[in-house]
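In the working numbering, the protein residues as written are 21 to 260.
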């Protein structure tokens, strides 16, 4: 490679004009070098700051969107897995269900479900319920079993109690049933709530409170007469 030597005559007579129109004499090259380094460094910091702000904004917006639609994304994910594993014909006949209702309840309330609910609704009412301890497939992941059971049931009954509200999997089942209602049943309300105890409205999650306000719930009574009416009404709701 050829090298070319360039020499300046009377270097002091040359000057360099900066971006701010300031002129610096080439007679002081060290001063010019320091000014240029400082000016370039200031732009580098600005560029890095802008890039960091943009990345941070994208992360915040993306996180917000994912959080807002987290239940929809989870539901669509598990439904996609089910459709991949099963025959497409299973998903075409929306009017055919294996169960009349999927029952969501906390472990603390299993005596009520197995001793009372099943006796009145399934045995006396001749309705088929889906219970996770009895009907879930062994070896399958919990979330997949839940989504599958809800999709194969005409309705979902949630046994509401304080343990239910504090249970991750109970709230997961409730929200998956909501997503099933919105994205697979054309907005049909398939979720029905049974309150085992009095719970202040201001302690309920907003999505659950919406169902309460739409009258899609019933309270379990503490008297024998009310008990008979309760089971009759419940069997009627689950039969419709």
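C-beta: ideal position from N, C-alpha, C; glycine also.
Report the rounded CA-to-CA distance for residue i versus residue j, giving the unit in angstroms.
{"i": "residue 76", "j": "residue 91", "result": "24 Å"}
{"i": "residue 158", "j": "residue 72", "result": "48 Å"}
{"i": "residue 102", "j": "residue 67", "result": "47 Å"}
{"i": "residue 196", "j": "residue 79", "result": "26 Å"}
{"i": "residue 258", "j": "residue 69", "result": "59 Å"}
{"i": "residue 247", "j": "residue 123", "result": "19 Å"}
{"i": "residue 221", "j": "residue 193", "result": "20 Å"}
{"i": "residue 205", "j": "residue 229", "result": "21 Å"}
{"i": "residue 155", "j": "residue 168", "result": "11 Å"}
{"i": "residue 82", "j": "residue 137", "result": "43 Å"}
{"i": "residue 146", "j": "residue 85", "result": "44 Å"}
{"i": "residue 238", "j": "residue 250", "result": "8 Å"}
{"i": "residue 153", "j": "residue 245", "result": "31 Å"}
{"i": "residue 100", "j": "residue 233", "result": "32 Å"}
{"i": "residue 186", "j": "residue 162", "result": "18 Å"}
{"i": "residue 188", "j": "residue 65", "result": "45 Å"}
{"i": "residue 128", "j": "residue 134", "result": "12 Å"}
{"i": "residue 14", "j": "residue 104", "result": "This structure leaves residue 14 out entirely; the chain is present only between 21 and 260."}
{"i": "residue 150", "j": "residue 170", "result": "9 Å"}
{"i": "residue 223", "j": "residue 88", "result": "21 Å"}
{"i": "residue 241", "j": "residue 93", "result": "38 Å"}
{"i": "residue 177", "j": "residue 255", "result": "12 Å"}
{"i": "residue 139", "j": "residue 131", "result": "11 Å"}
{"i": "residue 219", "j": "residue 74", "result": "45 Å"}
{"i": "residue 160", "j": "residue 182", "result": "28 Å"}
{"i": "residue 164", "j": "residue 243", "result": "39 Å"}
{"i": "residue 207", "j": "residue 121", "result": "17 Å"}
{"i": "residue 112", "j": "residue 260", "result": "For residue 112, the predicted model reports a pLDDT of 44, less than 50, meaning its position is unreliable; a value from the coordinates is still stated below. Rounded to whole angstroms, residue 112 to residue 260 spans 21 Å at the Cα level."}
Since residue i and residue j should fall inside the 8 Å C-beta cutoff, what is the C-beta to C-beta distance between them, to a whole number of angstroms?
{"i": "residue 143", "j": "residue 119", "result": "About 15 Å; that fails the 8 Å criterion."}
{"i": "residue 236", "j": "residue 253", "result": "Actually they do not touch by this definition, with Cβ atoms about 13 Å apart."}
{"i": "residue 184", "j": "residue 126", "result": "4 Å"}
Is the distance from the Cβ of residue i to the Cβ of residue j below 9 Å?
{"i": "residue 213", "j": "residue 180", "result": "yes"}
{"i": "residue 191", "j": "residue 225", "result": "yes"}
{"i": "residue 201", "j": "residue 117", "result": "no"}
{"i": "residue 227", "j": "residue 175", "result": "no"}
{"i": "residue 203", "j": "residue 95", "result": "yes"}
Any beta carbon of chain C sitting closer than 9 Å to that of residue i?
{"i": "residue 67", "result": "In the displayed structure, chain C is absent; only one protein chain is listed."}
With a floor of 4 residues, list each alpha helix (DSSP H) that falls wholly inside the region 189-226, ordered by position along the chain. none
What beta strand (DSSP E) runs, 3 residues minimum, are completely inside the region 99-168? The region 99-168 is shown to contain whole beta strand (DSSP E) runs of 3 or more residues at 119-124, in chain order.
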